[in-house]
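Participant: Protein chains in written order, with our numbering: chain A, 42 to 375; chain B, 2 to 901. One structure coming up, written as structure tokens, with questions to follow.
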């Protein structure tokens with residue numbers, strides 16, 4: 042790891058002032074915010090980034106908000122372990138509770154923060170190999186597109202084919218979360234869904250709209266509307282702890298034998314949490330049967346464009362979708 | 002001109018550096034051209050896919066060709082030049098001792114990587130090392146010895162003793178006659194002598210042509226044809242000439258001498274003239290000399306060429322149909338037809354218990370030597386004379402062709418070989434030697450022409466795609482009865498040595514097996530595709546893949562396993578080669594089969610998928626060619642001995658083994674000998690090809706060294722012998738061409754010697770490559786490390802050939818120039834390779850040695866295909882076998898097509 046300056050501001054404005062003056066990717070290596078450090082330190086150890094300064098957010102006031110359910114307010118420094126352990130969250134925002142608990146190991150969850158989890162960088166091994174001049178690091182091409190792409194995107198790829206690694210992001214987009222960020226020009230709020238950007242839309246070297254001189258302040262999740270329940274299913278290659286190969290966040294309002302409404306977000310299949318809008322529309326008002334689950338899964342994956350080595354994600358994700366629908370239906374279909 | 006605003010300041014190897022880069026200039030270009038940092042090599046810029054240009058930037062290892070120099074502002078850049086002397090010593094020693102380099106072009110990048118890796122992780126295991134060097138492409142070594150070297154450095158850095166496997170590597174030699182391995186004298190034959198100049202190569206200190214500097218040096222660039230087939234209507238160079246910094250622009254009109262050249266047929270124009278047709282996308286239209294490379298390239302793009310675009314002929318089958326457009330004006334599209342007939346195949350098939358037939362197809366392969374073509378030409382001291390520094394595989398052929406191009410006598414052109422960064426057959430033909438020389442003639446200044454990776458791929462000849470129809474029979478016991486085959490090879494636009502490749506494919510059409518009835522026809526077709534010519538194996542590989550596929554099917558019908566079937570039919574002394582030559586000596590094939598037997602059956606018993614194939618490859622061109630080995634040992638004033646010879650060093654290790662021959666004969670220390678390849682003496686031997694340089698140059702050096710030894714034995718010392726020249730020229734003119742013998746000749750001898758091999762490929766439970774066992778009869782292993790390295794590198798190339806490597810062309814254009822897409826395996830993709838060497842003395846070779854350069858990948862594809870059949874029951878008839886579990890487990894070779 043290259044040596045760096047550790048700045049320890051106490052206020053948000055002070056912290057922002059210590060971040061790069063410019064907003065663009067060119068300045069991003071000048072200074073970076075440090076939260077739990079679970080991703081950024083590994084990036085620095087691997088020389089993926091060599092910031093001159095880390096701005097430690099631990100002492101910054103205003104990032105530690107915590108209001109438990111049903112209207113959730115989670116400061117960006119909230120530890121994942123706390124979210125996972127909160128019974129109110131488990132009750133009202135079950136998808137988030139499961140997602141937070143599924144992240145890595147207990148040691149990491151004790152240290153990792155929600156903000157860091159949402160802003161973590163991709164796991165693509167070409168990106169993580171410091172010498173591969175991949176497009177995510179400012180190079181000309183995505184090596185995964187034609188290389189070893191077992192863990193890469195089946196939706197929304199091009200020109201980069203990373204998948205977003207965050208479990209919480211998938212669950213929070215499902216739960217219609219809002220995010221607040223703050224920069225030199227003050228605070229702004231936006232739906233979390235709009236926070237994440239596709240490589241073809243936003244800057245290919247970033248996964249979200251956060252600028253080099255902005256800090257994620259907090260996430261708010263509205264109380265669930267009556268009758269809605271949610272879940273999060275994650276498939277890992279290694280059972281103990283691992284990143285998702287595919288994940289499904291699903292919420293639904295089921296009335297009797299009918300799925301009145303549903304919302305579905307897929308994880309680890311696209312560069313952003315991938316909203317399965319057509320499957321949602323299809324499910325609305327459909328009988329809650331095996332056939333419906335199966336068709337919803339087909340519809341959700343109809344537009345998938347697998348690469349050479351990740352075709353397995355299509356049937357895997359279909360299976361997870363059906364399993365999630367079954368779970369919200371309380372087991373078996375009627 | 003660059004203004005002060007565009008100055009980039011950074012720290013380079015601990016000192017402040019400041020450069021004023023051109024538009025879009027990469028860190029690599031700035032380092033090489035502005036900072037004289039030459040350990041950083043350009044293998045594929047701007048792809049960042051070969052790792053030759055690795056530098057450390059703020060502690061991060063980056064491929065500097067992919068980093069704009071503007072991004073290093075204020076950063077700290079470290080190259081090998083900036084590494085401490087002690088550390089450089091450990092790194093260079095370890096790479097030299099491990100035999101971890103061949104051509105040496107990729108090595109400095111790997112050496113710097115080693116330092117960087119071990120600083121992060123002091124004791125990485127081999128798998129971790131393989132992943133860490135994923136960015137680096139090595140075309141020579143197969144990576145095994147590179148990983149050995151990195152391990153060596155790690156042990157030394159930790160202050161630990163080397164483990165036995167590194168300190169005393171397993172001796173892989175078995176003598177065919179059952180005698181114990183011969184003990185080598187230090188530096189002599191059989192020793193693991195470090196490669197000549199290994200340490201300098203490892204540190205990037207031994208210049209390649211592209212590293213050479215001259216006062217007033219101009220950079221050349223070329224303009225290639227914009228179409229695979231088009232009549233050139235006009236060439237307007239005025240804009241290029243007017244471009245600031247341009248000194249000269251050459252076209253066909255400027256060539257004073259013979260514009261058409263070629264190794265066999267003079268059918269290849271150095272420039273396409275107005276009114277002529279461009280015949281492939283590698284044709285030269287013009288060349289530019291300018292103050293720097295960027296200017297020359299910009300000017301080359303400004304040359305305005307108008308064409309009448311015509312439909313290219315790209316299908317070899319259609320090209321040889323009557324009435325097809327004649328691609329090359331000098332000869333019909335069916336360039337050659339080799340015909341071999343022995344016995345009566347029809348009668349033999351009629352009596353055979355089993356007959357199998359199959360249509361096989363192989364692909365076009367890019368050599369992908371890491372150093373693209375480069376030549377430097379400069380005016381000589383005497384007016385009208387020139388010096389040419391070339392990396393070609395035959396410097397005397399270069400001299401002959403370039404002198405004719407310039408219309409000067411050959412004596413007025415001094416040619417020197419600068420050992421190249423890999424060739425594998427792809428540097429036999431002329432590429433840019435004539436263009437560099439012409440620009441030097443026009444400008445009166447030194448000119449260096451370097452091709453980009455894309456231009457290189459367009460220009461030099463490839464390995465032939467060959468369509469093969471095979472029919473093979475055997476009796477009820479599995480004894481082969483007959484082989485009938487027809488080959489059609491796509492030789493592209495120019496002859497090169499394509500006819501010889503098809504001739505060799507036909508000659509090797511029965512492999513190393515006893516077959517009494519043979520009917521083989523091979524046609525080389527001319528098309529508008531990139532030319533095809535020599536590449537390691539030279540036709541034998543294609544034939545082997547098809548034949549071994551047929552043998553596997555016959556073995557199954559007879560009920561024999563692959564090993565037994567091959568042992569039953571393997572040739573020995575007294576058996577006959579497809580060409581009719583009777584093997585009389587050094588036929589170690591059965592011993593190579595014995596060497597793999599135990600592991601072959603053990604792997605099968607363990608339930609793994611196993612494939613086996615045998616290979617044969619001629620050593621020496623033969624087929625009636627007159628071949629020479631020429632050597633001069635010159636005792637220099639400083640008491641050293643220069644070894645001059647006519648063959649090329651291209652990573653295979655020729656210069657090192659020549660030293661070993663001289664040491665073996667004279668008993669002098671290896672450090673006293675300095676090999677040289679230039680035109681000081683008339684040592685023209687043609688191309689370094691056909692696995693022949695060790696054989697023939699070796700014999701010449703042995704003979705010359707014996708003359709020196711006579712003097713030393715008479716009491717003279719090297720000091721007494723200053724200025725003496727010990728000369729030996731040996732000629733081989735006893736081989737016979739294929740076909741009917743000339744009157745008076747009674748014995749068929751198509752080749753001087755043959756190498757033999759058996760390879761076993763084992764797949765893992767998922768069908769991925771697990772292990773390759775390569776057993777080779779090499780006659781005598783002159784240098785154990787180099788010999789192993791040749792075979793490990795061959796297996797690497799053979800696995801790529803089998804599974805992932807391809808250079809498809811559409812409308813005459815290669816569909817990709819990307820290194821990863823072309824499919825050369827990375828370290829992480831390589832299975833374990835275990836080498837067994839059989840020494841079956843070759844009486845016509847120096848100390849019993851014969852060539853080993855090519856045979857190492859002849860059987861590989863066939864063995865992989867056999868293993869894949871054992872795995873999932875799929876028979877493969879086409880290369881590469883991309884649609885197989887073994888290929889899918891490999892990280893490269895997936896060609897990205899533009900989305901519709």
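Backbone N, C-alpha and C fix where the C-beta goes; we use that ideal spot for every residue, glycine too. Fair warning: this is a prediction, and the values are worked out from it, not measured in the lab.
Going along chain B, which residues have a C-beta under 7 Å from residue 184 (chain A)?
Facilitator: Position 143 of the first chain, counting from 1, holds the residue named residue 184 (chain A). Within 7 Å Cβ-Cβ: 821.
Participant: Using a C-beta to C-beta distance shorter than 7 Å, which residues of chain A count as neighbours of residue 892 (chain B)?
Facilitator: Start at 1 with the first residue of the second chain, and residue 892 (chain B) comes out as number 891. Simply 188 and 189.
Participant: Of all the CB atoms in chain B, is at least one closer than 8 Å to the CB of residue 224 (chain A)?
Facilitator: To locate residue 224 (chain A), count along the first chain from 1; it is residue 183. No - not a single Cβ of chain B is within 8 Å of the one on residue 224 (chain A).
Participant: What did DSSP end up calling residue 4 (chain B) once you bin it into helix, strand or coil?
Facilitator: Counting from 1 along the second chain, the entry for residue 4 (chain B) is found at position 3. Here residue 4 (chain B) scores only 43 on pLDDT, less than 50, and its place in the model should not be relied on; the value that follows carries that caveat. In the structure shown, residue 4 (chain B) sits in coil (DSSP, three-state: anything other than H, G, I, E or B).
Participant: Hey, is residue 67 (chain B)'s beta-carbon within less than 8 Å of any beta-carbon in chain A?
Facilitator: Position 66 of the second chain, counted from the first residue, corresponds to residue 67 (chain B). Chain A, which has a Cβ nearer than 8 Å to the Cβ of residue 67 (chain B), makes this yes.
Participant: Tell me whether residue 181 (chain A) is buried or exposed, calling it buried when 16 or more other Cβ atoms sit within 10 Å of its Cβ.
Facilitator: To locate residue 181 (chain A), count along the first chain from 1; it is residue 140. It counts as exposed.
Participant: Does any CB atom of chain A fall closer than 8 Å to the CB of residue 354 (chain B)?
Facilitator: Translated into the one-based positions of the second chain, residue 354 (chain B) becomes position 353. Chain A, which has no Cβ nearer than 8 Å to the Cβ of residue 354 (chain B), makes this no.
Participant: Assign residue 310 (chain A) to one of three DSSP states: helix, strand, or coil.
Facilitator: Walking along the first chain from the start, residue 310 (chain A) turns up at place 269. It is coil, neither helix nor strand.
Participant: So, helix, strand or coil for residue 731 (chain B), using DSSP?
Facilitator: Numbered from its first residue, the second chain carries residue 731 (chain B) at position 730. Three-state DSSP puts residue 731 (chain B) in a strand.
Participant: On the premise that residue 452 (chain B) lies in contact with residue 374 (chain B), defined as a C-beta separation below 8 Å, what is that separation, rounded to the nearest angstrom?
Facilitator: Counting from one through the second chain, the residue named residue 374 (chain B) turns up at place 373. Counting from one through the second chain, the residue named residue 452 (chain B) turns up at place 451. Their Cβ separation, rounded to whole angstroms, is 5 Å, which keeps residue 374 (chain B) and residue 452 (chain B) in contact under 8 Å.
Participant: Give me the chain B residues within the contact set of residue 349 (chain A), using Cβ-Cβ distance strictly less than 8 Å, ordered along the chain.
Facilitator: Residue numbering aside, residue 349 (chain A) sits at position 308 when the first chain is read from its first letter. What residue 349 (chain A) touches in chain B: 889 and 895.
Participant: Where are the alpha helix (DSSP H) runs, 4 residues long or more, that stay fully inside the stretch 99-154 of chain A, in chain order?
Facilitator: DSSP runs (the alpha helix (DSSP H)) wholly in the stretch 99-154 of chain A: 121-126, 128-133, 135-142 and 147-152.
Participant: If the criterion is Cβ atoms closer than 8 Å, does the pair residue 256 (chain B) and residue 271 (chain B) meet it?
Facilitator: Here the question's residue 256 (chain B) lines up with position 255 in the second chain. Here the question's residue 271 (chain B) lines up with position 270 in the second chain. Closer than 8 Å, so yes.
Participant: My assumption, with CB atoms under 8 Å, is that residue 280 (chain B) sits in contact with residue 425 (chain B). Please give the rounded CB distance.
Facilitator: Residue mapping note: residue 280 (chain B) aligns to position 279 of the second chain, counting from 1. Residue mapping note: residue 425 (chain B) aligns to position 424 of the second chain, counting from 1. Contact flag wrong, Cβ pair sits at about 24 Å.
Participant: Exposed or buried, residue 180 (chain B), counting other C-beta atoms within 10 Å across all chains shown (16 or more means buried)?
Facilitator: Residue 180 (chain B) sits at position 179 when you count from the first residue of the second chain. By the neighbour-count rule (16 or more Cβ atoms within 10 Å), residue 180 (chain B) is not buried but exposed.
Participant: Exposed or buried, which one is residue 42 (chain A) when buried takes at least 16 other CB atoms within 10 Å?
Facilitator: Counted from its first residue, the first chain places residue 42 (chain A) at position 1. Exposed.
Participant: Taking Cβ positions only, does residue 17 (chain B) come closer than 8 Å to chain A?
Facilitator: To locate residue 17 (chain B), count along the second chain from 1; it is residue 16. So, not an interface residue.
Participant: Output, in chain order, the set of chain B residues within a Cβ distance shorter than 8 Å of residue 174 (chain A).
Facilitator: One-based indexing of the first chain puts residue 174 (chain A) at position 133. In chain order: 49, 63, 64, 67 and 68.
Participant: Using a cut-off of 7 Å between C-beta atoms, extract the partners of residue 253 (chain A) located in chain B.
Facilitator: For this step, residue 253 (chain A) is matched to residue 212 along the first chain. Those do not exist, as residue 253 (chain A) stays about 16 Å from chain B at its closest Cβ, beyond 7 Å.
Participant: For a quick check, are the C-beta atoms of residue 822 (chain B) and residue 896 (chain B) less than 8 Å apart?
Facilitator: Counting from 1 along the second chain, the entry for residue 822 (chain B) is found at position 821. Counting from 1 along the second chain, the entry for residue 896 (chain B) is found at position 895. Yes. Within cutoff.
Participant: Any idea if residue 646 (chain B) is buried or exposed, counting beta-carbon neighbours within 10 angstroms, 16 or more meaning buried?
Facilitator: Along the second chain, one-based indexing puts residue 646 (chain B) at 645. That one is buried.
Participant: What are the partner residues of residue 237 (chain B), as DSSP defines its beta bridges?
Facilitator: By 1-based counting over the second chain, the position of residue 237 (chain B) is 236. Residue 237 (chain B) is bridged to B:305.
Participant: Residue 55 (chain B) CB to nearest chain A CB: under 8 Å?
Facilitator: The count along the second chain starts at 1 and reaches residue 55 (chain B) at position 54. Residue 55 (chain B) counts as touching chain A.
Participant: Excluding the 5 residues flanking residue 627 (chain B) on each side, which residues of the same chain have their C-beta closer than 8 Å to its C-beta?
Facilitator: Position 626 of the second chain, counting from 1, holds the residue named residue 627 (chain B). Contacts found: 732, 733 and 734.
Participant: Excluding the 5 residues flanking residue 904 (chain B) on each side, which residues of the same chain have their C-beta closer than 8 Å to its C-beta?
Facilitator: As displayed, chain B neither begins before 2 nor continues past 901, which places residue 904 (chain B) out of reach and without an answer.
Participant: Check whether the Cβ atoms of residue 220 (chain B) and residue 444 (chain B) sit closer than 8 Å, and answer yes or no.
Facilitator: Residue 220 (chain B) sits at position 219 when you count from the first residue of the second chain. Residue 444 (chain B) sits at position 443 when you count from the first residue of the second chain. No; because the gap between Cβ atoms is not below 8 Å, this pair is not in contact.
Participant: Would you please verify whether the beta carbon of residue 12 (chain B) is less than 8 Å from any beta carbon of chain A?
Facilitator: Within the second chain, numbered from 1, the residue matching residue 12 (chain B) stands at position 11. No, because no Cβ of chain A sits closer than 8 Å to the Cβ of residue 12 (chain B).
Participant: Just the chain B side, please: which residues come within less than 7 Å of residue 202 (chain A) by C-beta, in chain order?
Facilitator: Within the first chain, the letter at position 161 stands for residue 202 (chain A). By Cβ distance, chain B contributes nothing, its closest Cβ being about 11 Å from residue 202 (chain A), past 7 Å.
Participant: What span of residues does the beta strand (DSSP E) with residue 94 (chain A) cover, start to end?
Facilitator: Locating residue 94 (chain A) in the first chain gives position 53, counting from the first residue. That run of the beta strand (DSSP E) goes 94-97.
Participant: Does any CB atom of chain A fall closer than 8 Å to the CB of residue 581 (chain B)?
Facilitator: Residue mapping note: residue 581 (chain B) aligns to position 580 of the second chain, counting from 1. So, not an interface residue.
Participant: Let me see if you follow: with CB-CB separation under 8 Å, is residue 43 (chain A) close to chain B or not?
Facilitator: Your numbering for residue 43 (chain A) matches position 2 in the first chain. Yes, because at least one Cβ of chain B sits closer than 8 Å to the Cβ of residue 43 (chain A).
Participant: Could you say which of B:480, B:235 and B:498 lies nearest to residue 568 (chain B) if we only look at CA atoms?
Facilitator: On the second chain, residue 568 (chain B) is found 567 positions in, with the first residue counted as 1. It is B:480 whose Cα lies nearest to the Cα of residue 568 (chain B).
Participant: Tell me the DSSP secondary structure of residue 831 (chain B) in three-state form.
Facilitator: For the purposes of this step, residue 831 (chain B) is taken as the residue at position 830 of the second chain. Coil.
Participant: Using a 10 Å radius around the Cβ and a threshold of 16 neighbouring Cβ atoms, would you call residue 819 (chain B) buried or exposed?
Facilitator: Taking the first residue of the second chain as position 1, residue 819 (chain B) is located at position 818. Classification for residue 819 (chain B): buried.
Participant: Going by CA-CA distance only, name the one from B:759, B:372, B:368 and B:483 that's closest to residue 532 (chain B).
Facilitator: As a first step, residue 532 (chain B) must be located in the second chain, where it is residue number 531. The residue with the shortest Cα to Cα distance from residue 532 (chain B) is B:368.
Participant: Any C-beta of chain B within less than 8 Å: which residues of the stretch 160-173 of chain A qualify?
Facilitator: Listed in sequence order: 170, 171, 172 and 173.
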